[in-house]
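Chemist: Okay, handing you the structure first.
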Amino acid sequence: MSAAEEPVQIQVLGGLAVRHGSVVLPLGTPKQRTVLAMLACNPGRLVSVTQLVDELWSEEPPQSAIPNVRTYAANLRRSLAKLVPERELLTRVQDGYRLDVERSDVDLFAFQAEVAEARRLVPSDEVAAVKLLSGALARWQGPALTGIALGPSLSAQVVAAAEDRMLTAELYARLQIRLGNYDEALPVLRNLLITQPLREPAHLLLMQALHLRGDHAGAVAAYATARRTLREQLNIEPGSELQQFYQRIAADGRRVTHRERKAGPPAAVVPARTGQVIRSFPPLPRALPDFIGRADAVERLLAETRRASGVAPAVHFIDGMAGSGKTSLAMHVAAQLTDRFPDAQLFIDLKGHNQAESVAPAAALAALLRQLGVAGSRIPGDFDERVSLWRHELASRRGIVVLDNAAGAEQVLPLLPSGPGNVVIVTSRRRITGLDGAPPVSLSVMTLDEGVALLASAAGAQRVAAEPDAAATVVKQCGHLPLAIRLAGSRLAHRPTWRVADLAALLVGNAHRLVHLASGDRSVAKAFAASYESLGEPARRLFRLLSVHPGDYFDVLICAAVTGFSMDDTTAALNELLDCHLVDEVKAGRYRMHDLIRQYAHELSVTQDCGLTRDRALLDLVDIMLHLSFPIAEELESRGVRKYVSLDPPRLPDLLAVTAARTKEWMEDERSTLVALVVRAGEWGHHDHSWRLARVLWRFLYVRGYYDDIIRTHLAGLEAARAARNEPAAAIMDNYVASAYLRKGNYAEALHHVRAAVTSAERRGDFVNGDRCRANLVAVHWIRGELDEAVQVGLEGLRWRKGFDLDELPTALPNVGLALAMLGRYDEAMRLHRLHLYLARQYGNQFHLLNALSHIGAVKCRVGQHKAAIRVLRAALALRERTGHRFAEAEVRNDLGIALRGLGRVAEAAAQHEAARQLAVETHEPHVQAAALNDLALTMAILGDGSRAADLHHEALRLATRIAHPYEQGRALAGLAEHLLATDPAEARRHWERALAIFRRMGVPEQAEVERRLAQTDQGS
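Given below as structure tokens:
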């Protein structure tokens, strides 16, 4: 074979490598290596650019993502062409790339093919199968794709390959044992267990190989190691196969120590006097050696035990959601009490979360009596006699009884002792009522620090300490749930080559993360399933359909909307979920579902509810929230919202009829839900509901400063309107999203969207909405420093009566007034603001009323009427406080500071400027923040703190430059020039010249003062 005909060999089992003969391909940058890995793991198949982007940047791809991918691919094509010039290995196909090599040229697929062939040969030729498996395992030079940055797709393939390798190693060992080649099987199994110490099939094969080889002590030791590892890391006993093989070793009469015999299977079958079969349960399990957190709960339970001692039996109840660590807490507390209660430590799993397996009180009593050492012949068949015997036996002892996973009071009551001297700890996923005892300890999830500590205990302290941010992410993705954290730690412990960040990346944003929170037969999903199965059908339906609700919190109304139940039936179903800890009540009438439980509910709903049912549930929910929000929007906008949004008849009229009218406080509480519903409605194709709800929410979000929410809802509404081919609705979304971009300092986006709205209105001949949009265009021009254009556009709109309805307050008035005031045309500005105030009073619009007062106060500041300005500005603040409209409060406080400074009350002025700055930071309004920084600097200069003033002007300049706000740039430059004049006159002059250029371009009166200062500088020099 010539060199040209020799195939390219690609290695992924270990580090990534590409070879042609003796030549090795240079792999390039880390991201280029990831692209090559994706292509190598998909030989001969098209890999789209989108897939590559998702692999390289799984969360937020940069804007340059696609060009970058094409660059990486082009570099690879050139490198491969140099490696094999005779043929093109990497080809561009449609919107992607294909690596044209045979699957057998990639060692991963060659491994898979050899394993498949070996499995085919097993029934007929085990020797040949072993030879193939040996060669296949030899291909592994280390963990797959070592050193490559893995995204979601490659991570999944690496996990699958690792699982294939383990199964192959076990098959190889099993065949070698059958063939009598025990020494060949042992090193493979021992190597496997080094990296996978929780792999029970490998432990079983190791025991078999040692036992059949004649090393019976080694087999017993292997069982002891397996049992210790499983108990320490997962708090579980070995599976039935391991236990049964251990029994076989013992039955063969091999040398086994007394301790090892006790490690045998914990359950046996004991005949009762009645002939029934009763399960004998193990004694008190060992407490976790790495118990973490819950200090308050532990101290409370111990203190309550001390108080009850000698008076009555101490009965404790621990409840909480599945996986919250109830049993671990019970075992930990029991371990603290064994010295004080030495006569008995008993444990029974009542299996109350599963009705089919729930242990009957009679069977539980028999098992507990057997644990006490009562012979089966002494256990009465009559139930009442059995209860009496149990209590009689306990009366002479000081013991601890742990009743785990109780179903309810009926199951627990017969098991309680009647006299003092004993401690009973009852755990349950349900809230147990109707029994005497201390109030229950209801376990919540862990704190972040506790969760990280538990992860470190399971995965290794040094490993977790080395990546604290990734560890915190893992804990958060586990919902701070102890079981999930422990299983995640076990997953890391199984994979010594993984970083904590690898697991975090696997969990973040993963719609199937529950799959990864499992180990052996333990999983978070399995724990949740046991709670779900105990529910009645109405509660199950509610549980599943709550997953369509996108918000974090919900109430009875939301539950009724998604299910279609009456309020009474909904309340009953919700209480059932609450009792089972499948939802939490965060405050009276307000509930939430743990993140992992919500995901489990979603997975159930997707598989058990048809698409139409889920779709209808969401639409009914969005519809009722829209109808409840609409009257609030009407109140805020003086019925102006009707010009944009008309409602269809409600989909749930009966539910709406029994629901009280909502208030602005309700809208505040439900804000995150309403915002999320806009987005989800659009994603699910309910386009009209999406954009309508966005517009209904606008005024509330605007006056409270929730600009990010406006952007999120209106961009979603814009997409929905476009999908519905509703151009007027799209123009509405464009116009109102521009208002938020303007407040956020993103003037380019504001201008883009408002121009799109104006263009749409002009194209459709919509004069009314066209001029409404032009009013916003005035504001964009004003804040960009294009003042003459702002005035021209605004006045043209105001002169044209077609531009607004006669019953509508023209919103261009205040915007033109702002531009005129900045130009120094104060009389004209004041006339417009007073007209704005008059019309606001006529229409009874408080939002416009407080804005008009604010603007009048600002003009009075500029003309030196400081006392009058203070009166007006304080009135505007009082009106804001009374109505809850916090819009532009930061500007008002900054103007109040200017007026106070003008009267010489500089300390008060500084306080108002600082308050304005903080408010602007909180509401994400950078242009207001820049203004407050400049004015605070001027005030600090008067106070004699020139250094602080300079720092503030520098900060204002950086901020104003970043958002392209020329007016505040000019003010900052002028302020810095004053500071520099004494130490660096030349630099001061340069700053004034830059400020003058800005002010002249804008046409503002500040240019005169700068010109005067420059002239003084010239005279001084």
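Numbering (my numbering), first residue to last: 5 to 1025. All C-beta atoms, glycine included, are put in the ideal place defined by N, C-alpha and C. Model, not experiment: these values are computed from the prediction.
#1: Taking Cβ to Cβ, would you say GLN481 is nearer than 7 Å to VAL528?
#2: Return the first residue and the last residue of the beta strand (DSSP E) that ILE429 is part of.
#3: Considering only DSSP beta bridges, list what LEU407 is partnered with.
#4: Tell me, please, whether the segment 363-370 touches the segment 465-472 by the rule of three or more beta-carbon pairs shorter than 8 Å.
#5: Curious, which full-length beta strand (DSSP E) runs of at least 3 residues does the segment 37-81 contain?
#6: Taking the C-alpha atoms as reference points, what is the distance between VAL662 and SER609?
#7: Count the other CB atoms, across all protein chains shown, that sit within 10 Å of the CB of PRO270; report buried if there are 16 or more and exposed otherwise.
#8: What residue range does the beta strand (DSSP E) around LYS591 cover?
#9: Would you tell me roughly how many angstroms separate the C-alpha atoms of PHE808 and VAL683, rounded to the nearest one?
#10: Note down, one range per segment and in chain order, each alpha helix (DSSP H) of at least 4 residues found wholly within the segment 321-351.
#11: Under a three-way DSSP split, which group does SER26 fall into?
#12: Alpha carbon to alpha carbon, how far is PHE115 from SER68?
#13: Assign PHE295 to one of three DSSP states: helix, strand, or coil.
#14: Quick check: the Cα distance between TYR101 and LEU20, rounded to an integer number of angstroms?
#15: Along the beta strand (DSSP E) that carries VAL896, what are the first and last residues, could you check?
#16: Is the segment 785-802 close to the segment 744-758, with three or more CB pairs under 8 Å?
#17: Run through the segment 732-782 for me and flag every whole alpha helix (DSSP H) of 4 or more residues, listed as ranges in chain order.
#18: Quick check for students: name the residue ranges of the alpha helix (DSSP H) that lie wholly in the segment 658-687, counting only runs of 4 or more.
#19: If you check the beta carbons only, do ASP353 and ASN409 fall under 7 Å apart?
#20: Is VAL281 helix, strand or coil when you go by DSSP?
#21: Specify the secondary structure class of ALA21 as computed by DSSP and reduced to three states.
#22: Taking 7 Å as the CB-CB limit, is GLY774 close to chain B?
#23: Per DSSP, ILE14 forms a beta bridge with which residues?
#24: Tell whether a beta-carbon distance below 7 Å holds between LEU17 and ASP111.
#25: Going by other Cβ atoms of all chains shown within 10 Å of its Cβ, with 16 needed for buried, is LEU171 buried or exposed?
#26: State the start and end residues of the unbroken alpha helix (DSSP H) segment that holds GLY798.
#27: Three or more C-beta pairs under 8 Å: does that hold for the segment 432-439 against the segment 321-332?
#28: May I ask you to verify whether the segment 877-896 touches the segment 700-712, counting CB pairs closer than 8 Å and requiring at least 3?
#29: Alpha helix (DSSP H) containing THR95: first to last residue?
#30: Suppose only complete runs of 4+ residues qualify. What are the alpha helix (DSSP H) ranges in the segment 601-649, listed by chain order?
#31: Around the Cβ of PRO317, are there at least 16 other Cβ atoms within 10 angstroms (buried) or fewer (exposed)?
#32: Flag this pair as yes or no: are the beta carbons of LEU29 and SER83 separated by less than 7 Å?
#33: Beta-carbon within less than 8 Å of PRO818's beta-carbon, same chain only, minus the 5 sequence neighbours each way: which residues are those?
#34: So is THR261 buried or exposed if we call it buried at 16+ other beta carbons inside 10 Å?
#35: Pairs of beta-carbons, one from the segment 744-751 and one from the segment 760-774, closer than 8 Å: are there three or more?
#36: Starting from VAL493, trace the alpha helix (DSSP H) in both directions and tell me its first and last residue.
Modeler: Answer, in terms of the structure:
#1: no
#2: 427-432
#3: ILE352 and VAL430
#4: no
#5: 50-52
#6: 28 Å
#7: For PRO270, the pLDDT reaches just 35, beneath the cut-off of 50, and the residue's location in the model is therefore unreliable, leaving the point undetermined.
#8: 588-591
#9: Legend: pLDDT at PHE808 = 47, less than 50; position of this residue unreliable, no value from coordinates given.
#10: 330-341
#11: coil
#12: 37 Å
#13: coil
#14: 19 Å
#15: First-last for VAL896: 893-906, but that is the alpha helix (DSSP H), not the beta strand (DSSP E).
#16: yes
#17: 751-768
#18: 668-673 and 675-687
#19: yes
#20: Low per-residue confidence applies at VAL281: pLDDT is 34, beneath 50, and the placement is therefore not dependable enough to give any value.
#21: strand
#22: The structure shown contains no chain B; it is built from a single protein chain.
#23: VAL22 and VAL110
#24: yes
#25: exposed
#26: 791-803
#27: yes
#28: yes
#29: Careful: THR95 lies outside any alpha helix (DSSP H), inside the beta strand (DSSP E) at 94-97.
#30: 615-641
#31: buried
#32: yes
#33: LEU836, HIS837, HIS840, HIS852, ASN855, ALA856 and HIS859
#34: Model confidence at THR261 stands at a pLDDT of 40, short of 50, so the residue's coordinates are unreliable; what they give is reported in the following sentence. Exposed is the call here.
#35: no
#36: Reading off the sequence, residue 493 comes out as Gly, not Val. Looking at the DSSP string, the run of the alpha helix (DSSP H) that includes GLY493 is 486-498.
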